[in-house]
Each structure stands twice: as structure tokens, then as C-alpha cells.
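J.:
Residue numbers (the working numbering): 6 to 287.
Right, dumping it as C-alpha cells:
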């Protein structure tokens, strides 16, 4: 009976993995078959022309990278410091529980709500306008729960013996955290950060009200300029385009570039994580 249950459980796991892999490959093949028709150097490096019916997507690529970089700058320090406070410094269990409930609730908020929050607070209240800064702050807040949770798990996975050995040789608590705990937890923190950035790179709703414009030939010159981005570019071409026979192929080509960008970011993160694990043996 036990073997039968184990067999059924393993079969269910294998079927689930098979469905996930096949679904991913089906999406990848479908998008690629339509998008590769327009991909070339000019498409990647040229600016849009003739009302988005010709030219390339270079401003959208740069805009997406700017927002991803801004999201990292905003969310990574706040997420890691929050995790350190919850694990190492917070003494009130009720406060810790309340904060963690809030973080979990924040993770479940629909992305469009973050967009409305960013519009009300960053665009209107702080008067940053529709800009890279407003978009990065909005995406940073949206990404915080993922980074906090991942950082907490990574810090908790550090063996207690490491901390005890550090205290035994006279290190302070902060020295132990910065010199022992964080370097050891770095692979897990990187993984959480990349997962958050991967989500942010593909979001449309949070930046719809805070950062993006439909058509722009120039690159942003400051954090207060609005930008084009790959996900909004796809959305706009498929829903607001006036020449679908020209714009739909461009949208599929943009989707291929976005998929490639997200997969490349995750691949780099995997390499960094594997290298970090191999460098640390205990």
C-alpha cells in the first residue's frame, strides 16, 4: 500500500513537471515562430518610425533596463535590511508577526493597485510626474515582499555555528551580520532578487500610470523623463494600434526580445548562485 501511494505521488509530480515544461515550450515556440520574422539588428537598435509601424524597439529596451535597474536600487537594500531587522533585531513577537502578515498581504495585492498607488503618491503627491523615478519606486514597492521573504529564508539557513564562532572571536553583532551572515546567505538573496526583478520586467499595470509612454523616439535624459518599455509596447501595439498588419508582427518580435531578456537575467542569476555555492563549503 505504501509503495502504491509513493508511485502515485511520484507519477503526479512527473505529470505536473511534464505539463509545465510542455506549456512553456508551446508558448516559446508559438511566440518565436511569429516574432523571429521581424528580428534583426535594425529592429533591436533602431528607433520607432511612422507611428510604430516601422523601425525598431531600442527605446523600449533601454526603458525596460532603466526600470529594472531602478527597481533593484529601491527594493534590494530595503528588502535585505527589513529581513535583517525581523530576524536579528526585532524583539517583540507580536510586532514581527504583524509585519510578516503585512508583507504576505502586500505580496497578494494586484499589480494594478500598485499602479494606482504610484499614480497617487509618486506622480501626484510628490510631483515626480510620469517618469522613470515614479515607475522604479512603484515597481520597487511591488517587488519588496519577494525580496524580504527570500532574504529571510536565506539568512535563517545560515548555520548558528557560524554566528557563534564570530561572536567567540570578539566580533560585534553588526560585524557578524555583514561579514558572516550576509556573504553566506548571498546566493539565496540573489535568487529572490532576480525573481522579483523578473516579475517587474514583465509587468504592465504598475507602470501604465507611472512611467510609460506609447511613442517616443528619444532616450530618457533623466529619471524624471517618461520611457517606453517592452511589456507596455506589446500591450499598446495589440490593443491601440491603428495598422495591425504592420504592428502585430512588431509586437510578437518585442515579445521574443522580452522573453530573451527575462531568461537571460535568470540564467545569469543561476550562474552566480551556482558559483557562490561552490565557493562556500561547510
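Cβ atoms here follow ideal geometry from the backbone N, Cα and C, with glycine treated the same way.
Computed from a predicted model, the values in this text were never measured in an experiment.
Can you tell me where the alpha helix (DSSP H) holding residue 13 begins and where it ends?
T.: In the chain shown, counting from the first residue as 1, residue 13 sits at position 8. Its alpha helix (DSSP H) spans residues 7-40.
J.: On the three-pair Cβ rule with 8 Å, is the stretch 82-90 touching the stretch 144-159?
T.: Yes, the stretch 82-90 touches the stretch 144-159.
J.: Could you tell me whether the stretch 162-174 touches the stretch 256-269, where touching means 3 or more Cβ pairs closer than 8 Å?
T.: no
J.: Give me whichever residues DSSP pairs with residue 185 in a beta bridge.
T.: If you number the chain shown from 1, residue 185 lands on position 180. In the DSSP output, where bridge partners are listed per residue, residue 185 has none listed.
J.: Just list the alpha helix (DSSP H) runs in the stretch 149-217, keeping only unbroken ones of 4 residues or longer that don't cross its boundaries, in chain order.
T.: Taking only runs of at least 4 residues, the alpha helix (DSSP H) segments lying wholly in the stretch 149-217 are 165-173, 178-181, 187-206 and 210-213.
J.: Going by alpha carbons, who is nearest to residue 261 out of 66, 122, 17 and 13?
T.: Walking along the chain shown from the start, residue 261 turns up at place 256. Checked all of 66, 122, 17 and 13; the closest Cα to residue 261 is 66.
J.: Per DSSP, residue 53 forms a beta bridge with which residues?
T.: Within the chain shown, the letter at position 48 stands for residue 53. Note: residue 53 sits in a beta bridge opposite 60.
J.: Using only the alpha-carbon positions, how far apart do residue 45 and residue 178 sit?
T.: In the chain shown, counting from the first residue as 1, residue 45 sits at position 40. In the chain shown, counting from the first residue as 1, residue 178 sits at position 173. About 54 Å.
J.: Could you check which residue in 191, 42, 166 and 252 has the C-alpha nearest to that of residue 55?
T.: Position 50 of the chain shown, counted from the first residue, corresponds to residue 55. Of the listed residues, the one whose Cα sits closest to residue 55 is 252.
J.: When you compare only the Cα positions, how much space is there between residue 250 and residue 23?
T.: Numbered from its first residue, the chain shown carries residue 250 at position 245. Numbered from its first residue, the chain shown carries residue 23 at position 18. Answer to the nearest angstrom: the Cα atoms are 36 Å apart.
J.: Pairing CB atoms from the stretch 75-83 with CB atoms from the stretch 94-102, are three or more of them under 8 Å?
T.: Touching, no.
J.: In three-state DSSP terms, what is residue 253?
T.: Looking up residue 253 in the chain shown gives position 248. In the structure shown, residue 253 sits in a helix (DSSP, three-state: H, G or I).
J.: With a threshold of 7 Å on Cβ separation, who are the neighbours of residue 37 within its own chain once the five nearest residues in sequence on each side are excluded?
T.: For the purposes of this step, residue 37 is identified with residue 32 of the chain shown, where counting begins at 1. Excluding residues within five positions, the ones whose Cβ falls inside 7 Å are 261.
J.: Within the chosen definition, does the stretch 124-139 reach the stretch 224-237 through at least 3 CB pairs nearer than 8 Å?
T.: Touching, yes, given that three or more Cβ pairs across the two stretches are closer than 8 Å.
J.: Grab the span of the alpha helix (DSSP H) containing residue 102 for me, first residue to last.
T.: Against the chain shown, residue 102 aligns to sequence position 97. Here the alpha helix (DSSP H) through residue 102 covers 98-112.
J.: Could you give the distance in angstroms between the alpha-carbon of residue 15 and the alpha-carbon of residue 8?
T.: By 1-based counting over the chain shown, the position of residue 15 is 10. By 1-based counting over the chain shown, the position of residue 8 is 3. Cα-Cα distance, rounded: 10 Å.
J.: Can you tell which of 215, 143, 206 and 255 has its C-alpha closest to the C-alpha of residue 41?
T.: The sequence position of residue 41 within the chain shown is 36, counting from 1. Closest option to residue 41, Cα to Cα, is 255.
J.: What did DSSP end up calling residue 79 once you bin it into helix, strand or coil?
T.: Walking along the chain shown from the start, residue 79 turns up at place 74. Three-state result, residue 79: helix.
J.: Do the stretch 233-242 and the stretch 191-199 meet, that is, are 3 or more Cβ pairs less than 8 Å apart?
T.: no
J.: Leaving out five residues before and five after residue 59 in sequence, what residues of the same chain have Cβ atoms less than 8 Å from its Cβ?
T.: Within the chain shown, residue 59 is the residue found at index 54, counting from 1. If we look at residue 59 and ignore the five residues flanking it on each side, its Cβ neighbours are 53 and 251.
J.: Only counting the same chain, and skipping five residues up and downstream in sequence, which positions put a Cβ closer than 8 Å to that of residue 138?
T.: Your numbering for residue 138 matches position 133 in the chain shown. If you ignore the 5 residues before and after residue 138, its C-beta comes within less than 8 Å of the C-beta of 75, 127, 228 and 229, all in its own chain and listed in chain order.
J.: For the alpha helix (DSSP H) that contains residue 236, what are its first and last residues?
T.: As a position in the chain shown, residue 236 is number 231, starting the count at 1. DSSP places residue 236 in the uninterrupted alpha helix (DSSP H) bounded by 235-244.
J.: Report the partner residues of residue 232 according to the DSSP bridge assignment.
T.: The residue labelled residue 232 in the question sits at position 227 within the chain shown. Looking at the DSSP assignment, residue 232 forms a beta bridge with 217.
J.: How close, in whole Å, do the beta carbons of residue 50 and residue 61 come, if the pair is a contact with beta carbons under 8 Å?
T.: Stepping through the chain shown from its first residue, residue 50 is reached at position 45. Stepping through the chain shown from its first residue, residue 61 is reached at position 56. Right, the Cβ-Cβ distance comes to about 6 Å (below 8 Å), so this counts as a contact.
J.: Does DSSP put residue 131 in a helix, in a strand, or in coil?
T.: The residue you call residue 131 lines up with position 126 of the chain shown. Residue state for residue 131 is assigned as coil, using DSSP reduced to three classes.
J.: Would you mind reading off the limits of the alpha helix (DSSP H) that contains residue 118?
T.: Here residue 118 refers to the residue found at position 113 of the chain shown. Segment 116-123, the alpha helix (DSSP H) holding residue 118.
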